[in-house]
Amino acid sequence: MDLAELEKMSIGAVDKYLRDRVATSDFRISELTDILIQKAIMLKTSDIHIEPTKRGIRIRCRVDGCFQELAVLPATLHDQLISRIKVLADLISHQRSIVQEGRITYNVGGKPQDLRVSIVPTVSGENAVLRMFSSSQETFELDKLGYERDVVKRIVSMLFDLNGMILLTGPSGSGKTTTLYSLMLEIVREMDDYASMITIEDPVEYEFGLFPQMQVDRNAKLDFASGLAAVLRQDPEVIMVGEIRDTETAEVGLRAALTGHLVLSTIHAGSACETVTRLINMGLEPFIVASALSGVIAQRLVRKVCQACKEEYSPDRSKLEFFSHVMRDRALPTFHRGKGCEACDFTAYRGRIPVAELLEIDDDLRSMILSKAQTSQIRKHMGTKDWTAMVHDGLIKVSKGLTTIEEIFRVVSLREVS
Ligand SMILES: [Zn+2]
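Following this line, the structure appears as structure tokens:
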């Protein structure tokens, strides 16, 4: 099948086409695998899941954070399909009881797309997950990611200090890496003459060829902490560390930030305020955190209302009350949602944008960190200021018709709303 034809087919049509081919035994497993992966790439999937189930082999794609079922194929094809994927990823195809990991580069319309393959044995057969690396089509321009304009402005001013630590926090799949890369590119664009830059990543998701990017390698005893210590001897102005997972990396990173480097990284925490206390709870000295940390960006990705089938609607009463409660002085906006159309595969949404909160560490927060304030105290303090917490940012985007209030309920933790 040619790619243009495949592009035009709906998900249901692909499923039917594959079933028909299988039913008449008119297929090669390599072609069938290609169709599945190519269609998934066309749908801008972040990950493909191939699961052995009672109904057969269930092939699901995550698009904009939600699953769509691409096809269900007969269970008899399972071993062949998994073997084909193993061959593509250079794995051992006859080994069915071990965990295997590999990588595939796929070409769709001349554009290479890298996929990370993970296969694990389960009681009903092997389960495969193929995750897309950031693709070349993705935008890494900070002002096009969907942050509010004043957030971008404040992030940029922190960046151009070339000093201190900026942390991104959010669950996996919340766009942290995309933002980190965008920050790096912003520095390349504006400060290339002043700054030497390097990254330490696990894995290197996208190769820019604009600055050195280092891959963590456990076999070579090169982890985030030892990599960071090594690059510091080269004295770069900007260091991006893929993730802070342990106290040692956090400590070396914060000390680097204290001594005139800009350190960009991600850390696992629920919110921007919680990130601050998380660092203290990791055993770091409050005075180091207080003096080295410049800011924290916490974010989630929400689905964007499909602009092609957008319509006005009224959310249910509890949601309207919630809006009024959080946005106190604002009148209710006109709410929008998608109706469902071909452009959005009848999901009513198309694409995603971040909802975010930015915590800049000022003198007040520094003294709170020094006195080991709890997350709730920091949050309460920010509540007395004119601070845009994540839920506010989300509702601003609802007001603009970019997303729905239902989407904010689904994605943003409402625990922090008082
Ligand atoms: Zn639509």
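Per the working numbering, the very first residue in the sequence shown carries number 45; after that it's consecutive. Ideal Cβ placement from N, Cα and C applies to all residues, glycine included.
For ligand 1, is there any heavy atom lying closer than 8 angstroms to the beta carbon of residue 450?
Counted from its first residue, the sequence shown places residue 450 at position 406. False, no ligand heavy atom lies under 8 angstroms from that Cβ.
Could you tell me which whole beta strand (DSSP E) segments of length 3 or greater appear in the segment 201-226?
208-213
Cβ-based burial, residue 503 [other Cβ within 10 Å; buried from 16]:
Residue coverage of the chain in this structure runs from 45 to 462, which leaves residue 503 outside it and unanswerable.
Please check the pair residue 196 and residue 186, which I expect to be a contact at CB under 8 angstroms, by giving their CB distance rounded to whole angstroms.
Working through the sequence shown from its first residue, we reach residue 196 at position 152. Working through the sequence shown from its first residue, we reach residue 186 at position 142. With a Cβ gap of about 6 angstroms, residue 196 and residue 186 count as contacting.
Under the criterion of a Cβ to heavy atom distance below 8 angstroms, does residue 294 qualify as lining ligand 1?
Here residue 294 is taken as the residue at index 250 of the sequence shown, counted from 1. Placement of the Cβ of residue 294 at a distance of 8 angstroms or more from every heavy atom of ligand 1 is found.
Opening and closing residue of the alpha helix (DSSP H) in which residue 330 lies
On the sequence shown, position 286 is the one that residue 330 refers to. Its alpha helix (DSSP H) spans residues 330-336.
Looking at the structure shown, is residue 309 part of a helix, part of a strand, or coil, going by DSSP?
To locate residue 309, count along the sequence shown from 1; it is residue 265. Looking at residue 309 - three-state DSSP - the assignment turns out to be strand.
C-alpha distance - residue 423 paired with residue 368, whole-angstrom precision
Stepping through the sequence shown from its first residue, residue 423 is reached at position 379. Stepping through the sequence shown from its first residue, residue 368 is reached at position 324. Looking at the two C-alpha atoms, the distance is approximately 20 angstroms.
Given 8 angstroms as the limit, is there contact between the segment 119-137 and the segment 94-105, that is, 3 or more CB pairs closer than that?
yes
Chain C beta carbons: is any one of them nearer than 9 angstroms to that of residue 124?
Note that chain C does not occur in the displayed structure, where there is just one protein chain.
Is residue 388 a contact residue of ligand 1, with contact defined as CB to any heavy atom under 8 angstroms?
As a first step, residue 388 must be located in the sequence shown, where it is residue number 344. Residue 388 has its CB nearer than 8 angstroms to a heavy atom of ligand 1.
Taking the straight line between their C-alpha atoms, what separation do you get for residue 341 and residue 371?
As a position in the sequence shown, residue 341 is number 297, starting the count at 1. As a position in the sequence shown, residue 371 is number 327, starting the count at 1. Roughly 21 angstroms between the two C-alpha positions.
Range of the contiguous beta strand (DSSP E) that encloses residue 388
To locate residue 388, count along the sequence shown from 1; it is residue 344. Segment: none, residue 388 is in no beta strand (DSSP E) and carries neither H nor E.
Do residue 296 and residue 228 have their beta-carbon atoms positioned less than 9 angstroms apart in this structure?
Start at 1 with the first residue of the sequence shown, and residue 228 comes out as number 184. Start at 1 with the first residue of the sequence shown, and residue 296 comes out as number 252. No, the Cβ-Cβ distance between residue 228 and residue 296 is not below 9 angstroms.
Nearest-angstrom Cα distance between residue 168 and residue 116?
Looking up residue 168 in the sequence shown gives position 124. Looking up residue 116 in the sequence shown gives position 72. Going from the Cα of residue 168 to the Cα of residue 116 covers about 15 angstroms.
Identity of the residue in 237, 267 and 234 nearest residue 464 by Cα:
With the chain covering 45 to 462 only, the question about residue 464 has no answer from this structure.
Taking 8 angstroms as the cut-off, is the CB of residue 264 close to at least one heavy atom of ligand 1?
Here residue 264 is taken as the residue at index 220 of the sequence shown, counted from 1. False, no ligand heavy atom lies under 8 angstroms from that Cβ.
Start and end residues, alpha helix (DSSP H) containing residue 357:
Residue mapping note: residue 357 aligns to position 313 of the sequence shown, counting from 1. From DSSP, residue 357 is part of no alpha helix (DSSP H) but of the beta strand (DSSP E) over 354-357.
For residue 445, verify whether its CB is less than 8 angstroms away from any heavy atom of ligand 1.
To locate residue 445, count along the sequence shown from 1; it is residue 401. Answer for residue 445: no, Cβ out of range of ligand 1.
I want to know whether the segment 411-429 touches the segment 350-357 - three or more CB-CB distances under 8 angstroms.
no
Does the Cβ-Cβ distance between residue 284 and residue 245 come in under 9 angstroms?
On the sequence shown, residue 284 is found 240 positions in, with the first residue counted as 1. On the sequence shown, residue 245 is found 201 positions in, with the first residue counted as 1. Yes, the pair counts as a contact, with Cβ atoms nearer than the cut-off.
Give every residue of the same chain whose Cβ lies closer than 8 angstroms to the Cβ of residue 50, excluding the five residues on either side of it in the sequence, and list them in chain order.
For the purposes of this step, residue 50 is identified with residue 6 of the sequence shown, where counting begins at 1. Closer than 8 angstroms at the Cβ level, and outside the excluded window around residue 50, lie 58, 79, 82, 83 and 86.
I need the straight-line Cα distance from residue 376 to residue 362, nearest angstrom please.
The count along the sequence shown starts at 1 and reaches residue 376 at position 332. The count along the sequence shown starts at 1 and reaches residue 362 at position 318. Rounded to the nearest angstrom, the two C-alpha atoms are 13 angstroms apart.
Close-in-space but distant-in-sequence residues of the same chain around residue 287 (CB under 6 angstroms, 5 per side omitted):
Stepping through the sequence shown from its first residue, residue 287 is reached at position 243. Here residue 287 has 310 as same chain residues with Cβ atoms under 6 angstroms from its own Cβ, once five neighbours each way along the sequence are excluded.
Cutting at 6 angstroms between CB atoms, please list the residues of its own chain near residue 259, excluding the five before and the five after it.
In the sequence shown, counting from the first residue as 1, residue 259 sits at position 215. Closer than 6 angstroms at Cβ, skipping near neighbours: 248.
What's the gap between the Cα of residue 158 and the Cα of residue 90?
Along the sequence shown, one-based indexing puts residue 158 at 114. Along the sequence shown, one-based indexing puts residue 90 at 46. Using only the alpha carbons, I get a separation of about 11 angstroms.
Rank 184, 403 and 437 by C-alpha distance to the C-alpha of residue 338 and give the top, closest one.
The residue you call residue 338 lines up with position 294 of the sequence shown. Looking at the Cα atoms, 403 is the closest of the given residues.
Roughly how many whole angstroms lie between the Cα atoms of residue 450 and residue 213?
Numbered from its first residue, the sequence shown carries residue 450 at position 406. Numbered from its first residue, the sequence shown carries residue 213 at position 169. Roughly 23 angstroms between the two C-alpha positions.
Within 8 angstroms: the Cβ of residue 382 and any heavy atom of ligand 1?
One-based indexing of the sequence shown puts residue 382 at position 338. Answer for residue 382: yes, Cβ within range of ligand 1.
For the 8 angstroms Cβ check, are there 3 or more pairs between the segment 234-241 and the segment 320-330?
no
Counted within 10 angstroms of its Cβ, other Cβ atoms place residue 218 as buried (16 or more) or exposed
Working through the sequence shown from its first residue, we reach residue 218 at position 174. Burial call: buried.
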